[in-house]
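Residue numbers (the working numbering): 93 to 559.
Glycine residues also receive a C-beta, built at the ideal position from the N, C-alpha and C atoms.
Just so we're clear, the structure is a prediction, and the values are computed from it rather than from any experiment.
Worksheet: the structure to be examined is printed underneath.
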């Protein structure tokens with residue numbers, strides 16, 4: 093706690109930021125660079141000056157009254173459904189959008205093979221629920237990247253995927269591929285989550301406005317994320333950054349609900365402060381974690397599912413700094429109640445690059461956080477009163493039957509098993525970096541693609557995506 097208890101995530105501070113954002117929306121407004129989206133909002137009573145749209149508190153409250161508080165993202169099979177939002181709906185997604193691959197101390201352009209490797213790892217690692225578009229395959233023509241990358245993620249894993257949507261043709265492809273997979277009525281349930289970004293300060297691009305409206309009308313979920321950079325695309329204070337972020341996301345929410353009341357919506361915020369010396373975004377700082385906590389608080393204030401934080405670092409190699417910064421960003425989001433832990437594994441160099449080794453190490457962190465977030469069970473047996481009475485003051489528990497029953501409950505097994513120093517040294521003293529390089533190779537070698545797509549579906553998918 094800060095002096096006087098004035099941290100941003102407190103209820104009073106969150107409410108103050110919310111009220112400031114409402115005033116900004118009414119007085120300053122937002123630029124929405126699509127005429128049809130502007131016309132839709134005008135038809136719902138918004139005041140518009142060209143493409144500048146002014147929204148009053150009533151419009152925001154109306155949108156908040158119709159949006160769903162949680163939803164289930166339908167999987168390819170019922171056991172792969174993902175609850176998102178509410179008390180227990182937490183989804184972990186891999187990194188997204190990196191253009192470069194880091195191997196050791198070398199950076200190179202990303203390829204389709206790199207994207208395929210991330211899909212294989214995501215398929216095998218139980219910490220990952222959701223295979224994001226981890227790598228931009230720069231070895232392919234731009235017009236082929238989305239379809240080829242989507243094909244790789246759908247055929248190498250059966251887990252849910254992020255549907256890439258940065259241009260109108262992407263959303264056309266997403267509709268067609270979902271129709272191939274699930275039939276003409278594919279959109280009868282929330283099934284295809286897209287992540288859209290606002291354009292700070294206080295703008296929504298024409299492409300993203302059109303995609304948001306189209307996806308909402310299909311009843312499909314959108315995670316609209318603001319990434320305000322304090323000092324460059326937003327004010328140079330944490331609360332000012334959050335005010336701009338909140339205004340942008342609420343404006344997107346109003347547009348989505350105007351397109352279709354009740355369409356699923358996830359509040360996204362990955363804002364950070366910028367260095368006013370270099371202009372670089374500072375994702376690996378405590379301020380990023382503070383903003384993640386406050387983002388979760390703002391979404392909770394509005395009863396919205398939320399994306400916040402992530403395993404993000406400004407480091408360029410997989411070292412102690414990279415893992416420390418990433419763990420802080422993840423933990424801040426997880427312990428603040430973030431429902432959608434996106435960019436949760438693999439990212440380096442301020443979102444620009446990805447490492448397979450860091451992907452695996454971050455997945456270990458996610459697994460640890462998931463365990464840490466579980467409530468302590470308190471059944472009669474777990475409270476252990478009989479054992480406590482039997483041992484009494486100053487006794488020992490090793491010989492107790494209760495201890496034998498629970499002896500393996502917390503034994504760490506697998507690649508991170510704890511060994512005494514002498515045994516570890518005698519086995520070669522392998523450090524985490526070397527062990528993880530070996531683990532990546534073993535995982536990729538062990539991968540077997542899912543076989544749940546029937547022959548006709550697979551032929552249609554191959555023809556549409558790879559032609």
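Legend entry - Beta carbon of residue 288 nearer than 8 Å to that of residue 270: Annotated as distal: residue 288 and residue 270, with beta-carbon spacing of 8 Å or more.
Legend entry - residue 74 - containing beta strand (DSSP E), residue span: For the chain, the structure presents residues 93 to 559; residue 74 sits outside this window and is missing.
Inset, instruction - Using a threshold of 8 Å, state whether the C-beta atoms of residue 232 and residue 201 are closer than that. - result: No, Cβ-Cβ distance for residue 232 and residue 201 is not below 8 Å.
Legend entry - Straight-line gap, residue 534 to residue 540 (C-alpha atoms, nearest Å): Taking the Cα positions, residue 534 is about 12 Å away from residue 540.
Inset, instruction - Please determine, among 131, 219, 226, 216, the residue with the shortest C-alpha to C-alpha distance to residue 443. - result: Minimum Cα-Cα distance from residue 443 among the listed residues 131, 219, 226, 216 corresponds to 226.
Inset, instruction - Would you give the residue range spanned by the beta strand (DSSP E) that residue 317 belongs to? - result: Element bounds for residue 317: 314-318.
Inset, instruction - Kindly give me the distance between the Cβ atoms of residue 399 and residue 432, rounded to whole angstroms, as I take these residues to be in contact under 8 Å. - result: Between residue 399 and residue 432, the beta carbon gap of about 4 Å places them in contact (Cβ cut-off 8 Å).
Inset, instruction - Kindly indicate which three-state DSSP category residue 529 falls into: helix, strand or coil? - result: The answer is helix: DSSP assigns residue 529 an H, G or I state.
Inset, instruction - Drop a sphere of 10 angstroms on the beta-carbon of residue 380, count the other beta-carbons inside from all chains shown, and report buried for 16 or more, exposed for fewer. - result: That one is buried.
Inset, instruction - Could you tell me which residues DSSP puts in a beta bridge with residue 140? - result: Within the DSSP secondary-structure output, residue 140 pairs in a beta bridge with 145.
Inset, instruction - May I ask you to report which of helix, strand or coil DSSP gives residue 166? - result: Under the three-state reduction of DSSP output, residue 166 falls in the coil class, being neither helix nor strand.
Inset, instruction - Compare the Cα-Cα distances from residue 137 to each of 436, 125, 118 and report the closest residue. - result: Residue 137 has its Cα closest to that of 118, out of 436, 125, 118.
Inset, instruction - Compute the Euclidean distance between the alpha carbons of residue 139 and residue 363, then round it to the nearest angstrom. - result: Rounded to the nearest angstrom, the two C-alpha atoms are 28 Å apart.
Inset, instruction - Figure out for me which residue from 273, 355, 328, 186 has the closest Cα to the Cα of residue 435. - result: Of the candidates 273, 355, 328, 186, the one whose C-alpha sits nearest the C-alpha of residue 435 is 186.
Legend entry - Given residue 193 as reference, the closest of 127, 210, 178 once Cα atoms are compared: Here the closest residue by C-alpha is 210.
Inset, instruction - Express the C-alpha separation of residue 245 and residue 454 in angstroms, rounding to a whole number. - result: Residue 454 and residue 245: Cα-Cα distance of roughly 20 Å.
Inset, instruction - Determine contact between the stretch 392-412 and the stretch 365-380, defined as no fewer than three beta-carbon pairs at a distance below 8 Å. - result: Touching, yes.
Legend entry - According to DSSP, residues forming a beta bridge with residue 184: Residue pairing by DSSP places residue 184 opposite 433 in a beta bridge.
Legend entry - Reduced DSSP secondary structure (H/G/I, E/B, other) of residue 220: The answer is coil: DSSP assigns residue 220 none of H, G, I, E or B.
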